[in-house]
Amino acid sequence: MLLRLPWLLSRKRLLAAVLIDSSLFSLLYTAAFLFRFGRWPGLSLPVAGMVTFWLLSSYVIGRYHVTPSGHGAQFLNHALRTGLALLLSLGLYLAYFWVSAAILGAKDSRGFLVPLLLAVALLSTVAQAYLARIVLIRYQQSQCWLFLGDSHVQLRLEQHLAWRRLSAHLEPIFDQQLTRLKDGGYAGVLCADFNALPAAQQQQLLQLQNSGVPVLSLVGWCERLLQRFPPELLTSADLLRGEFSLTRGTMQLRLKRLGDLLVSGGLLLLTAPILLIAALLIRLQDGGPVLYSQLRSGLDRNPYRIWKLRTMRVDAERHGAQWVGKGDARITPLGRLLRLTRLDELPQLWAVLQGEMSLIGPRPERPEFEQELELQIPHYRLRHLMRPGLSGWAQVNYPYGASVKDAANKLSYDLYYLRNFSFWLDLLILIKTIRLVFNAQGAVPTTQSGTAP
Numbered sequence: 001m002l003l004r005l006p007w008l009l010s011r012k013r014l015l016a017a018v019l020i021d022s023s024l025f026s027l028l029y030t031a032a033f034l035f036r037f038g039r040w041p042g043l044s045l046p047v048a049g050m051v052t053f054w055l056l057s058s059y060v061i062g063r064y065h066v067t068p069s070g071h072g073a074q075f076l077n078h079a080l081r082t083g084l085a086l087l088l089s090l091g092l093y094l095a096y097f098w099v100s101a102a103i104l105g106a107k108d109s110r111g112f113l114v115p116l117l118l119a120v121a122l123l124s125t126v127a128q129a130y131l132a133r134i135v136l137i138r139y140q141q142s143q144c145w146l147f148l149g150d151s152h153v154q155l156r157l158e159q160h161l162a163w164r165r166l167s168a169h170l171e172p173i174f175d176q177q178l179t180r181l182k183d184g185g186y187a188g189v190l191c192a193d194f195n196a197l198p199a200a201q202q203q204q205l206l207q208l209q210n211s212g213v214p215v216l217s218l219v220g221w222c223e224r225l226l227q228r229f230p231p232e233l234l235t236s237a238d239l240l241r242g243e244f245s246l247t248r249g250t251m252q253l254r255l256k257r258l259g260d261l262l263v264s265g266g267l268l269l270l271t272a273p274i275l276l277i278a279a280l281l282i283r284l285q286d287g288g289p290v291l292y293s294q295l296r297s298g299l300d301r302n303p304y305r306i307w308k309l310r311t312m313r314v315d316a317e318r319h320g321a322q323w324v325g326k327g328d329a330r331i332t333p334l335g336r337l338l339r340l341t342r343l344d345e346l347p348q349l350w351a352v353l354q355g356e357m358s359l360i361g362p363r364p365e366r367p368e369f370e371q372e373l374e375l376q377i378p379h380y381r382l383r384h385l386m387r388p389g390l391s392g393w394a395q396v397n398y399p400y401g402a403s404v405k406d407a408a409n410k411l412s413y414d415l416y417y418l419r420n421f422s423f424w425l426d427l428l429i430l431i432k433t434i435r436l437v438f439n440a441q442g443a444v445p446t447t448q449s450g451t452a453p
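Residue numbering for the sequence shown follows our numbering, starting at 1 and increasing by one per position.
As structure tokens, then:
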């Protein structure tokens, strides 16, 4: 499988933010080291770890996220988030200094590292706020794409633009002429079906493409603008090209499995005390069982059993299987806290260790729901080509939902993940998941409770 990175190329703002902070840290650290010790600094793993922690905490806290607000409010927002990142970094540094001084007898470097962090925080606040302003102005300028195709397809695409990565709109070509591109102001051409065009118009598109104008198919446009593939827009020809299938046993999949084992094993060890406390509280709450189990559909649609900390009343499904909705009365007060913090998901790490699940992948669904979903949503079975995951591309990009429409939208993200799977995309999803958990997002349904489809 070829390594595909469209999700990375569309995150120029994030890449620029990381580059700015990395450059500031490197330049200021070099200057401070020269001033304090009179020589060039060498490679320092603790400093490299501090830079990595600064970048990661800045992303998780939201310093690299553009907020559409007034300039003064936006700057204050950046300053507050920078202050939190600074406190976390100082805490990490002091913890490292205490351990190294106690165990290794290392010399105190507080004379320049603490002022260094303060200088990085100050300059980074100014630089990131300025970058956010530039990006916000560009974000408000919607891309205009000329559309060649049926009006019903255009209407469907405009509906899907409600969940988009970039701001864009479509403008149909009624006269079937492409000369308007010469006037400028257009991002490119979107063609619903190249085979339906006359030969002369295909030549026009080819000439435009050779001159540097983007000419995209539905699949290419959805990948670039939406970063998902609405299942109803995919044809059998798209699937026959093999772009939505995986070759098992590849290095990428072996690396993914290794990461699953290391991360899930480490998390189980670190969170064992929290799990014991949560189990005790659940037991004391109503005397019911601590764990709740369900059958889910896994790889190749093979059923397996997952275990979660129980967050609902004991009789929550006495009337049969139901989706969870907004304000669901079946959830206990303690259960709401466990769901908000995602602690109820931790027992599923055991399924990851056993190989029934992965850390990253399509969210597993209950078989009784899937029987109807496969009838109503095209290509639904494609999501079973990979192991289900605790988190996934759909979970970090789409809110919690409980309807057929939500299931179709989530499938569109799962199809994108299937086509662009790589270890690096898994790493991005993992970091985005940490951000969602830290900000208590994505764990609460946005729609009312619904029964099975």
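C-beta atoms are modelled at their ideal positions from N, C-alpha and C, and glycine is treated no differently.
None of these values were measured; they are calculated from a predicted model.
Inset, instruction - State the DSSP-derived secondary structure class of Ala-16, mapped to helix, strand or coil. - result: For the purposes of this step, residue 16 is identified with residue 16 of the sequence shown, where counting begins at 1. Helix.
Inset, instruction - Return the CA-CA distance between Leu-208 and Ser-10, expressed in angstroms with no decimal places. - result: Looking up residue 208 in the sequence shown gives position 208. Looking up residue 10 in the sequence shown gives position 10. Roughly 23 Å separates the two Cα atoms.
Legend entry - Trp-40, enclosing beta strand (DSSP E) - first and last residue: Counting from one through the sequence shown, the residue named residue 40 turns up at place 40. Counting along the chain, Trp-40 falls outside any beta strand (DSSP E), and DSSP gives it neither H nor E.
Inset, instruction - Provide the residue(s) that pair with Ile-331 in DSSP beta bridges, ordered along the chain. - result: Here residue 331 corresponds to residue number 331 of the sequence shown, with the count starting at 1. Answer is Met-312.
Legend entry - Three-state class that DSSP yields for Val-215 in the structure shown: Counting from 1 along the sequence shown, the entry for residue 215 is found at position 215. Correct three-state label for Val-215: strand.
Inset, instruction - Report the partner residues of Ile-306 according to the DSSP bridge assignment. - result: Counting from 1 along the sequence shown, the entry for residue 306 is found at position 306. Its beta-bridge partners are Gln-294.
Legend entry - Same chain, Cβ closer than 6 Å to Ser-358, five either side skipped, listed in chain order: Position 358 of the sequence shown holds residue 358. Excluding its 5 nearest sequence neighbours in each direction, Ser-358 has C-beta neighbours in its own chain below 6 Å: Asp-260, Arg-387, Gly-389, listed in chain order.
Legend entry - Simplified DSSP assignment, three categories, for Trp-7: Here the question's residue 7 lines up with position 7 in the sequence shown. Helix.
Inset, instruction - Sort Ile-360, Arg-381, Gln-285, Trp-307 by Cα distance to Asp-300 and report the nearest one. - result: Taking the first residue of the sequence shown as position 1, residue 300 is located at position 300. The alpha carbon of Asp-300 has as its nearest neighbour, out of Ile-360, Arg-381, Gln-285, Trp-307, the alpha carbon of Arg-381.
Inset, instruction - Quick one: measure Cβ to Cβ for Ser-89 and Phe-33, integer angstroms, because I've assumed they're closer than 8 Å. - result: On the sequence shown, residue 89 is found 89 positions in, with the first residue counted as 1. On the sequence shown, residue 33 is found 33 positions in, with the first residue counted as 1. 18 Å between Cβ atoms; not a contact.
Inset, instruction - Report the three-state DSSP secondary structure of Pro-172 (helix, strand or coil). - result: Walking along the sequence shown from the start, residue 172 turns up at place 172. Three-state DSSP puts Pro-172 in a strand.
Inset, instruction - Kindly list the residues whose CB is nearer than 7 Å to the CB of Lys-107, restricted to its own chain and excluding five residues on each side of it in sequence; keep chain order. - result: Here residue 107 refers to the residue found at position 107 when the sequence shown is read from its first residue. Low per-residue confidence applies at Lys-107: pLDDT is 49, beneath 50, and the placement is therefore not dependable, though the value from the model is reported in the following sentence. Excluding sequence neighbours, Lys-107 sits near nothing in its chain.
Legend entry - Classification of Arg-274 by the beta-carbon crowding that lies within 10 angstroms, buried from 16 upward: Taking the sequence shown and counting its residues from 1, the one referred to as residue 274 is at position 274. This sequence places Ile at residue 274; Arg is not what is there. By the neighbour-count criterion, in which 16 or more other beta carbons inside 10 Å mark a residue as buried, Ile-274 falls on the exposed side.
Legend entry - Arg-164 versus Arg-228: straight-line alpha-carbon distance, rounded: Within the sequence shown, residue 164 is the residue found at index 164, counting from 1. Within the sequence shown, residue 228 is the residue found at index 228, counting from 1. About 9 Å.
Legend entry - Close beta carbons around Tyr-93, own chain, < 8 Å, minus the five adjacent residues each side: For this step, residue 93 is matched to residue 93 along the sequence shown. Correct list, in chain order: Met-50, Leu-113, Val-114, Leu-117.
Legend entry - Per-residue DSSP class, three states only, for Pro-453: Here the question's residue 453 lines up with position 453 in the sequence shown. Only weak support exists for where Pro-453 lies, its pLDDT of 27 falling under 50; the value from the coordinates is given anyway. Coil, per DSSP.
Inset, instruction - Return the chain-ordered list of same chain residues with a C-beta closer than 8 Å to the C-beta of Arg-296, the five sequence neighbours on each side being excluded. - result: Mapped onto the sequence shown, residue 296 falls at position 296. Result list for Arg-296: Pro-303, Tyr-304, Arg-305, Ile-306, Pro-364, Glu-365, Arg-366, Pro-367, Pro-388, in chain order.
Inset, instruction - Give the DSSP bridge partners of Trp-145, in chain order. - result: Taking the sequence shown and counting its residues from 1, one reaches residue 145 at position 145. Within the DSSP bridge table, the entry for Trp-145 names Leu-170, Gly-188 as partners.
Legend entry - Cα-Cα separation between Ala-407 and Ser-391, rounded to whole angstroms: Taking the first residue of the sequence shown as position 1, residue 407 is located at position 407. Taking the first residue of the sequence shown as position 1, residue 391 is located at position 391. As the crow flies, the alpha-carbon of Ala-407 is around 15 Å from that of Ser-391.
Inset, instruction - Please report how far the alpha carbon of Ile-377 lies from the alpha carbon of Val-215, in whole angstroms. - result: Your numbering for residue 377 matches position 377 in the sequence shown. Your numbering for residue 215 matches position 215 in the sequence shown. Taking the straight line joining both Cα atoms gives about 28 Å.
Inset, instruction - Express the C-alpha separation of Arg-330 and Leu-258 in angstroms, rounding to a whole number. - result: Mapped onto the sequence shown, residue 258 falls at position 258. Mapped onto the sequence shown, residue 330 falls at position 330. Looking at the backbone, the Cα of Leu-258 and that of Arg-330 are separated by about 38 Å.
Inset, instruction - Just tell me which of Phe-369, Gly-288, Lys-410, Asp-414 has its CA closest to the CA of Leu-385. - result: By 1-based counting over the sequence shown, the position of residue 385 is 385. Cα-wise, what sits closest to Leu-385 is Asp-414.
Inset, instruction - Determine which residues share a DSSP beta bridge with Gly-389 and list them. - result: To locate residue 389, count along the sequence shown from 1; it is residue 389. Answer is Ser-358.
Legend entry - Segment limits, alpha helix (DSSP H) that includes Ile-61: Working through the sequence shown from its first residue, we reach residue 61 at position 61. Looking at the DSSP string, the run of the alpha helix (DSSP H) that includes Ile-61 is 45-61.
Legend entry - Residues near Gly-457 in its chain [Cβ-Cβ closer than 8 Å; skip 5 each side]: With the chain covering only 1 through 453, there is no way to say anything about residue 457.
Inset, instruction - Please state whether DSSP places Val-324 in a helix, a strand or coil. - result: Here residue 324 is taken as the residue at index 324 of the sequence shown, counted from 1. Annotated three-state conformation of Val-324 is coil, per DSSP.
Legend entry - Neighbourhood of His-160 by C-beta, 7 Å cutoff - its chain only, sequence neighbours within 5 removed: In the sequence shown, the residue the question calls residue 160 occupies position 160. Correct list, in chain order: Leu-226, Pro-230.
Inset, instruction - Taking only the alpha-carbon atoms, compute the straight-line gap between Asp-344 and Arg-318 and give it to the nearest angstrom. - result: Your numbering for residue 344 matches position 344 in the sequence shown. Your numbering for residue 318 matches position 318 in the sequence shown. For Asp-344 and Arg-318, the distance between alpha carbons rounds to 21 Å.
Inset, instruction - Give a yes or no on whether the C-beta atoms belonging to Gln-202 and Phe-194 are separated by under 8 Å. - result: Within the sequence shown, numbered from 1, the residue matching residue 202 stands at position 202. Within the sequence shown, numbered from 1, the residue matching residue 194 stands at position 194. Their beta carbons are under 8 Å apart, which means Gln-202 touches Phe-194 by this criterion.
Inset, instruction - Output yes or no for whether 8 Å exceeds the beta carbon distance between Ala-278 and Leu-255. - result: Start at 1 with the first residue of the sequence shown, and residue 278 comes out as number 278. Start at 1 with the first residue of the sequence shown, and residue 255 comes out as number 255. Against a cut-off of 8 Å, the Cβ pair of Leu-255 and Ala-278 comes out as no contact.
Legend entry - Coil, strand or helix - Glu-243 by DSSP: For the purposes of this step, residue 243 is taken as residue 243 along the sequence shown, with counting starting at 1. If DSSP states are grouped into helix, strand and coil, Glu-243 belongs with coil.
Legend entry - Distance between Asp-21 and Ala-272 (C-alpha atoms, nearest Å): Residue 272 sits at position 272 when you count from the first residue of the sequence shown. Residue 21 sits at position 21 when you count from the first residue of the sequence shown. Cα to Cα, Ala-272 sits roughly 35 Å from Asp-21.
Legend entry - Terminal residues of the alpha helix (DSSP H) in which Trp-424 lies: Position 424 of the sequence shown holds residue 424. Unbroken alpha helix (DSSP H) run through Trp-424: 423-438.
Inset, instruction - May I ask you to report which of helix, strand or coil DSSP gives Gly-249? - result: Against the sequence shown, residue 249 aligns to sequence position 249. Looking at Gly-249 - three-state DSSP - the assignment turns out to be coil, as it is neither helix nor strand.
Legend entry - Close beta carbons around Lys-432, own chain, < 7 Å, minus the five adjacent residues each side: For this step, residue 432 is matched to residue 432 along the sequence shown. Shown here for Lys-432: same chain residues with a beta carbon closer than 7 Å to its own, the five before and five after excluded, namely Val-396 in chain order.
Legend entry - Residue from Leu-280, Gly-287, Glu-356, Phe-369 with nearest C-alpha to Val-324: Within the sequence shown, the letter at position 324 stands for residue 324. Nearest of Leu-280, Gly-287, Glu-356, Phe-369 to Val-324, Cα basis: Phe-369.
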